[in-house]
Amino acid sequence: DNMAKIILLTGTIVGYAYCMELFVAYYSANPYEAAAFTLRGLTGPSTWAYYFMFSFNVFAPQLFWYRPFRHNMWVVMFVCMCVNAGMWFERYVIIATTLERHMIPGSWGVYSATWVDKFTFLGTFGFFMMLFLLFLRFLPVIAIGEVKGVLPQSNPHRDDHPEPGVQEEDLMDYSDRHVPKPAGAAA
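Numbering (the numbering used here), first residue to last: 344 to 530.
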């Protein structure tokens with residue numbers, strides 16, 4: 344419930360920031376700033392990404408105003424995935440729109456990834472998987488409960504309160520004592 348409220352708060356703050364960006368672009372009376380925002384968010388070739396970004400980051404978290412939605416695990420998971428996708432669209436809007444609209448109008452066009460861009464994107468997944476597999480190789484997953492049970496310091500009061508049914512005689516080592524043989528046994 345509290346985490347959903349935090350997502351609601353941050354979604355509202357992000358919405359405020361997006362609206363302030365619109366306000367500053369037009370209130371500054373800078374024609375270049377206004378044109379850049381218009382091409383990015385209102386009429387450019389990546390307008391679809393801007394609307395997805397705004398919808399996922401601002402409108403999706405507003406579902407958490409209703410208490411039943413904050414307590415439904417599936418709704419919370421759906422909204423979190425929307426926010427995650429919205430953050431990806433925000434990065435796309437920041438990067439792709441700057442590559443589409445340079446300072447030279449003759450080089451304007453729709454952004455399409457080159458082979459370098461595609462392999463860099465795939466390489467990030469490969470690098471992550473390599474580091475993840477190296478982590479598993481050199482730092483294997485061991486349950487803490489299993490490790491703590493065999494450590495001597497895991498039970499500091501083992502001498503004060505022995506386990507039920509275990510006597511001190513059972514714990515003693517008799518290997519160095521002479522055990523008498525029963526009467527009549529062969530020598």
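By construction, the Cβ of each residue, glycine as well, lies at the ideal position given by its N, Cα and C atoms.
Checklist entry - Is the region 386 to 406 in contact with the region 425 to 442, if contact means three or more CB pairs nearer than 8 Å? => result Three or more Cβ pairs drawn from the region 386 to 406 and the region 425 to 442 lie within less than 8 Å of each other, which places the two stretches in contact.
Checklist entry - Count the other CB atoms within 10 Å of the CB of residue 479; is the residue buried (16 or more) or exposed (fewer)? => result Locating residue 479 in the sequence shown gives position 136, counting from the first residue. Exposed, because fewer than 16 other Cβ atoms sit within 10 Å of the Cβ of residue 479.
Checklist entry - Is it the case that the Cβ atoms of residue 426 and residue 403 are separated by a distance below 9 Å? => result One-based indexing of the sequence shown puts residue 426 at position 83. One-based indexing of the sequence shown puts residue 403 at position 60. For the 9 Å CB-CB criterion, residue 426 and residue 403 form a contact.
Checklist entry - Helix, strand or coil: how does DSSP classify residue 416 here? => result Numbered from its first residue, the sequence shown carries residue 416 at position 73. DSSP places residue 416 within a helical segment (H, G or I) once states are collapsed to three.
Checklist entry - Should residue 345 be labelled buried (16 or more other beta-carbon atoms within 10 Å of its own) or exposed? => result Along the sequence shown, one-based indexing puts residue 345 at 2. It is exposed - the Cβ of residue 345 has fewer than 16 other Cβ atoms within 10 Å.
Checklist entry - Rounded to whole angstroms, how far is the Cβ of residue 400 from the Cβ of residue 357, which I believe are closer than 8 Å? => result Locating residue 400 in the sequence shown gives position 57, counting from the first residue. Locating residue 357 in the sequence shown gives position 14, counting from the first residue. Beta-carbon to beta-carbon, residue 400 and residue 357 are separated by about 5 Å, close enough to satisfy the 8 Å threshold.
Checklist entry - Between residue 423 and the rest of its own chain, which residues show a CB-CB distance below 8 Å, the 5 nearest in sequence each way excluded? => result As a position in the sequence shown, residue 423 is number 80, starting the count at 1. Cβ neighbours of residue 423 beyond the five flanking positions: 350.
Next on the checklist: Quick check: what's the CA-CA separation for residue 365 versus residue 417?
Outcome noted: Indexing the sequence shown from 1 puts residue 365 at position 22. Indexing the sequence shown from 1 puts residue 417 at position 74. Computed Cα separation, rounded: 33 Å.
Item to check | residue 359 versus residue 447: straight-line alpha-carbon distance, rounded | outcome: As a working mapping, residue 359 is identified with position 16 in the sequence shown. As a working mapping, residue 447 is identified with position 104 in the sequence shown. In this model, residue 359 and residue 447 are separated by some 32 Å (Cα to Cα).
Item to check | Bounding residues of the alpha helix (DSSP H) (the contiguous stretch that carries residue 482) | outcome: Taking the first residue of the sequence shown as position 1, residue 482 is located at position 139. Premise fails: residue 482 is in no alpha helix (DSSP H) and is neither H nor E.
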